Amino acid sequence: MDNFYMWMVALRTKFRAYWPLVKGLQTGLLVSTGLGGYMSARCPIHDWETLTGLLISLVASISGSTILNMWWDRDIDAIMPRTLNRPLASGQIQPGEALWVGVALSLFGVGIAVLMSPLFGLIIFAGVFFNIVVYTIWLKRRTCWSIIIGGLAGGMPILAGRVLGVGAIDWVGILLCLSILFWIPTHIMTFSMKYHADYKAAGVPTFPSTYGFPTTRVLVAFSSVLAALSIGIAAYGVGMTWGYLRVLIVLSTGLFALAASSLLRPSERTNFGLFKYASLYMLSSMLLMVIFGVLDVTT
Amino acid sequence: MSPRDRALLLVTGLLAAYQITFGIDQMCITSICAYTVAFGILLVSSLLLIILGFEVLESPIVVILATILPLSLSFGLVWQYFPAGRDLYFGFALAGLLAIIITRLLPMFGKISTVVLALVHGVSGLVITILPLVLVIQGSMPAGFVLLSLGGALIGVGGLLLSFLRLGKPILSRQQILTLLPVLLLLMTAAYVGGFAFT
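Here it is as structure tokens:
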């Protein structure tokens, strides 16, 4: 009994150490896009095996690739005040252990996905590959455009979910993927404006440091419009009824308004508000897809 | 902002989203647009308050949005339930909206902007309060529809509290008003959603 208790305490301690390493909120948001993509196909929610498989493969592959990203970036994380307390940068977790866990989780997630459907597995693998190899290792320290090209990784979960639901890559899936791709600059550029000095100290090129704040704000506004348009057209393509589309239009208007406000009256607070709202916007859009998928099947 | 306030605002936003999604489909297109604007303002405002806190109330845009909310709601009600007054109220709503935007965004108008705000806010608030009450008394609508009047009264209370606070003559302290605001917003939204459920 004592051994079991000690084992549980050790497990809990480990879990607490790894939680910041998998960026729980970011992983949760990406998993929600995968779920939204799956439910956009209006698949039966009572197919628990597929739904569970989807969630496990997404959580494992996204968490695994996030750990590998942090493993690779632990040197620059140790330089930036915002990240120097992260488990790897601060030495709470040994790099070798994190590498092992990251690889194991990623392989586990991709493996389950391949077993469920080869095409679904390929897209999950592409997500991991783009995140680790293209974004983290190849582009992140070379060019600020890494968030656009590497951003494809962020669009893979929603495309994978859609593919698992419909069995093929269709135009709705591509639009959903594009909506995430266009949403990422809003999310990351507002963040890099807030922590501009941190990134500069670590030598990571960002849009604010390369093109300046005004140009970055224009790009943020532009990407917000493109993201909202993509998700709106995709939602229409999915067959969402007007009630859901109205909510999407309202939420998109809020996004445009904040982006315009950030452009016309730039301030730290507006920038932070846009960053937070963009995340809520994406989460709400995915929730709408899920609710629509559930109610459309059960009614 | 306390977790209680955030929770209340989240429920307010969810209620507004519910109303936009499921609560207004059976109405005419003009009223749907008007109600979407009203509940949309409630939804986005709740989210922004959760994200940015009560400091967001200092923005000059808030005054405009806080007036468009009752204006669009009252316009939807008049269009749907008082066809004889459609043209007149459409003219009032359009003129009121333009007057508020112009007097709020251009600094030269001084106290005129407060008068315009009070007039537009007051008339639209009265319409939301009185029209459902009259319809219920006439027997045109079921008794539950009177909840809309309650919502109208609550929006009036909230508007008054915030207006006096901004004018520097608060009826209650700033802290008391900010404690009450999420409760008022939730009750008001719940009253509107409840009232429309009886249509």
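Chains A and B are the protein sequences, given in the same order. First residue of the first sequence? That's 1 in this note's numbering, and the numbers climb one at a time after it. First residue of the second sequence? That's 1 in this note's numbering, and the numbers climb one at a time after it. Don't be surprised by glycine CBs; every beta carbon is placed ideally from N, CA and C. Quick caveat: nothing in here was measured; it's all calculated off a predicted structure.
With respect to Gly152(B), Gly194(B) sits apart: the two C-beta atoms are not nearer than 8 Å.
Going by DSSP, Glu49(A) is part of the alpha helix (DSSP H) stretching over Trp48 to Trp72. Taken atom to atom, the span from the alpha-carbon of Trp72(A) to that of Ala89(A) is near 10 Å. Asn131(A) has its alpha-carbon roughly 38 Å from the corresponding atom of Leu8(B).
Under the 10 Å beta carbon count, Tyr244(A) is surrounded by 16 or more other beta carbons and is classified as buried. The continuous alpha helix (DSSP H) containing Glu97(A) extends over residues Pro95 to Met116. A contact between stretches requires three or more CB pairs, one per stretch, nearer than 8 Å, and the segment 69-88 of chain B fails this requirement with the segment 103-114 of chain B. Non-local beta-carbon contacts of Tyr277(A) in its own chain, meaning distances under 8 Å to residues more than five positions away in sequence, involve Gly254, Leu255 and Leu258 in chain order. Leu161(B) places its beta carbon 8 Å or farther from that of Ile137(B).
Residue environment analysis places Phe39(B) among the buried positions, since at least 16 neighbouring C-beta atoms fall within 10 angstroms of its C-beta.
Looking at Leu251(A), Leu107(A) and Val133(A), the one whose alpha-carbon comes closest to that of Gly121(A) is Leu107(A). From the listed residues Leu11(A), Ile180(A) and Ala41(A), the smallest Cα separation to Ala168(A) is found for Ala41(A). Note that the segment 234-250 of chain A does not touch the segment 213-225 of chain A; fewer than 3 beta-carbon pairs, one per stretch, sit closer than 8 Å.
The Cβ atoms of Val31(A) and Val9(A) lie no closer than 8 Å to each other. Residue environment: Cys144(A) is assigned as buried (16 or more neighbouring CB atoms within 10 Å of its CB, all protein chains considered).
Using a Cβ distance threshold of 8 Å, Ile158(A) and Thr66(A) do not count as a contacting pair. Taken through DSSP and simplified to helix, strand or coil, Lys194(A) comes out as helix.
Straight through space, the alpha carbons of Trp183(A) and Ser2(B) are spaced by roughly 30 Å. In this structure, Leu148(B) sits away from Pro170(B), with a CB-CB distance that is not shorter than 8 Å.
DSSP, reduced to helix, strand and coil, places Asn85(A) outside both helices and strands of the structure shown, so it counts as coil.
Between the segment 190-209 of chain A and the segment 267-284 of chain A there are three or more C-beta pairs closer than 8 Å, enough to call the two in contact. In the three-state DSSP reduction, Phe198(B) falls in the coil class, being neither helix nor strand. Short of 8 Å from the beta carbon of Val56(B), and not among the five residues preceding or following it, lie these beta carbons of its own chain, in chain order: Leu48, Leu49 and Val62. Taking a Cβ-Cβ cut-off of 8 Å, Leu8(B) has no neighbours in chain A, whose nearest Cβ is about 17 Å from it. Around the beta carbon of Trp79(B), a 10 Å sphere encloses 16 or more other beta carbons of the protein chains shown; the residue is thus reported as buried. In the DSSP assignment, Lys14(A) falls within the unbroken alpha helix (DSSP H) covering Asp2 to Tyr18.
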